[in-house]
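Down below is the structure, laid out as structure tokens.
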Amino acid sequence: MANEQAVEVPQTLEGWFLLHDVYTLDWKAWRGLTDVDRERVVSQAGGWLACHAAVEKGDSAAYSVLTQKGDLMFVHYRESPDALAEVELSLRSIELSDYLRPSYSYFSVIELSMYELQAIVAMRLREAGVEHGTAEHEAAHEKEYAKQRERMNGRLYRDIPGGAYICFYPMSKRRGEHVNWYAMSMDERRKMMRGHAGIGHKYHDTVTQIIAGSVGLDDWEWGVSLHADDMIVFKKLIYEMRFDPASSLFAEFGPFYLGIRRSSDQLAAALGAGPRRS
Ligand code: 76R
Numbered sequence: 107m108a109n110e111q112a113v114e115v116p117q118t119l120e121g122w123f124l125l126h127d128v129y130t131l132d133w134k135a136w137r138g139l140t141d142v143d144r145e146r147v148v149s150q151a152g153g154w155l156a157c158h159a160a161v162e163k164g165d166s167a168a169y170s171v172l173t174q175k176g177d178l179m180f181v182h183y184r185e186s187p188d189a190l191a192e193v194e195l196s197l198r199s200i201e202l203s204d205y206l207r208p209s210y211s212y213f214s215v216i217e218l219s220m221y222e223l224q225a226i227v228a229m230r231l232r233e234a235g236v237e238h239g240t241a242e243h244e245a246a247h248e249k250e251y252a253k254q255r256e257r258m259n260g261r262l263y264r265d266i267p268g269g270a271y272i273c274f275y276p277m278s279k280r281r282g283e284h285v286n287w288y289a290m291s292m293d294e295r296r297k298m299m300r301g302h303a304g305i306g307h308k309y310h311d312t313v314t315q316i317i318a319g320s321v322g323l324d325d326w327e328w329g330v331s332l333h334a335d336d337m338i339v340f341k342k343l344i345y346e347m348r349f350d351p352a353s354s355l356f357a358e359f360g361p362f363y364l365g366i367r368r369s370s371d372q373l374a375a376a377l378g379a380g381p382r383r384s
């Protein structure tokens with residue numbers, strides 16, 4: 107076998123753990139309830155959501171899902187997989203869950219990849235004359251990363267972004283016979299990520315992206331969440347990215363979930379149980 111060079115792995119920083127939890131409603135059973143019963147179920151669900159959104163370490167939100175892929179999506183950010191499991195289970199204990207049928211769910215962890223920072227840290231250590239492979243290098247490296255982590259805390263441990271709409275989809279980078287993201291050199295990947303970020307940054311004021319890694323955690327490699335007040339910006343941003351090499355050559359996509367944010371007191375609207383029209 108040819109003497110293949112090891113490919114450099116980008117370092118990543120991890121933050122909150124994420125669960126995207128999608129359900130369809132059993133409309134027949136739901137319609138069979140009296141208005142009074144429905145109101146009780148909705149109000150209990152609203153209380154459940156408000157209580158979970160108020161946790162100190164994390165956040166929870168609900169969305170009405172467009173299309174037949176689902177009716178309701180809950181999104182939870184938590185400090186640990188255990189805390190996520192707890193909130194996932196707690197939904198089973200409220201009455202609404204008798205009417206919910208699981209449709210899709212996705213587990214991931216907020217991730218910042220260090221393509222740029224890694225190069226900067228390496229350069230700083232080189233400039234300081236710290237020799238690679240020494241204990242001194244290890245310690246200086248650790249110190250730099252601790253500093254970067256501190257700087258990034260607000261992005262790693264944050265609430266669910268605002269915005270009337272969410273666009274969530276899982277994706278992977280291609281590992282095909284002809285193009286393989288994981289066989290590209292660090293420099294090539296860094297260059298492509300720079301192009302990617304350059305396009306993304308044009309949407310900085312209108313879209314918030316949350317990238318969550320899921321290699322080894324779920325079926326795809328990342329969960330992409332975009333949050334905005336205008337659905338059309340999702341379309342424009344994603345379309346523009348399709349022409350960028352990081353996406354045009356390497357991106358593979360799972361199903362897209364588009365949702366409308368519902369606060370705890372707007373759940374009635376999400377469940378079709380709002381005020382009746384006369
Ligand atoms: O985090 C940062 O803002 C730094 C730059 C950046 C990184 C490292 C960035 C910026 N992204 C990064 C990583 Mn992104 N992103 C996607 C998609 O539909 C598609 O074609 C791809 C789905 C969108 C729409 C999007 C938007 N990004 C990543 C990664 C991890 C890759 C890795 O580590 O190898 C993925 C999978 C990914 C996918 N990206 C931005 C955006 C936007 C809007 C920005 C600018 C953010 C801002 O400036 O506010």
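Going by the working numbering, the sequence shown opens with residue 107, and the numbers climb by one from there. In this text, a Cβ means the ideal position worked out from N, Cα and C, and glycines have one as well.
Check whether the Cβ of residue i sits closer than 7 Å to any heavy atom of ligand 1, and report yes or no.
{"i": "residue 315", "result": "yes"}
{"i": "residue 348", "result": "yes"}
{"i": "residue 223", "result": "no"}
{"i": "residue 263", "result": "no"}
{"i": "residue 310", "result": "yes"}
{"i": "residue 306", "result": "yes"}
{"i": "residue 252", "result": "no"}
{"i": "residue 116", "result": "yes"}
{"i": "residue 302", "result": "yes"}
{"i": "residue 277", "result": "yes"}
{"i": "residue 149", "result": "no"}
{"i": "residue 353", "result": "yes"}
{"i": "residue 227", "result": "no"}
{"i": "residue 170", "result": "no"}
{"i": "residue 344", "result": "yes"}
{"i": "residue 199", "result": "no"}
Going by DSSP, what residue range makes up the alpha helix (DSSP H) through residue i?
{"i": "residue 305", "result": "292 to 307"}
{"i": "residue 158", "result": "141 to 159"}
{"i": "residue 195", "result": "187 to 198"}
Buried or exposed for residue i, please, with buried defined as at least 16 other CB atoms from any protein chain shown within 10 angstroms of its CB.
{"i": "residue 207", "result": "exposed"}
{"i": "residue 152", "result": "buried"}
{"i": "residue 182", "result": "buried"}
{"i": "residue 235", "result": "exposed"}
{"i": "residue 393", "result": "Since the first residue shown for the chain is 107 and the last is 384, residue 393 is missing from the structure and cannot be characterised."}
{"i": "residue 328", "result": "buried"}
{"i": "residue 135", "result": "exposed"}
One question on the structure: do residue i and residue j come within less than 8 Å of each other, judged by their Cβ atoms?
{"i": "residue 210", "j": "residue 113", "result": "no"}
{"i": "residue 330", "j": "residue 277", "result": "yes"}
{"i": "residue 260", "j": "residue 333", "result": "no"}
{"i": "residue 215", "j": "residue 124", "result": "yes"}
{"i": "residue 133", "j": "residue 200", "result": "no"}
{"i": "residue 343", "j": "residue 148", "result": "no"}
{"i": "residue 326", "j": "residue 360", "result": "yes"}
{"i": "residue 302", "j": "residue 335", "result": "no"}
For the beta strand (DSSP E) that residue i lies in, which residues bound it at each end?
{"i": "residue 167", "result": "164 to 171"}
{"i": "residue 122", "result": "118 to 131"}
{"i": "residue 373", "result": "Counting along the chain, residue 373 falls outside any beta strand (DSSP E), though it belongs to the alpha helix (DSSP H) covering 373 to 376."}
{"i": "residue 279", "result": "271 to 279"}
{"i": "residue 315", "result": "313 to 319"}
{"i": "residue 183", "result": "178 to 184"}
Give, in chain order, every unbroken run of the alpha helix (DSSP H) that is at least 4 residues long and sits entirely within the segment 206 to 269. 221 to 233 and 241 to 262
At 4 residues or longer, what runs of the alpha helix (DSSP H) sit wholly inside the segment 333 to 364? 337 to 348 and 351 to 354
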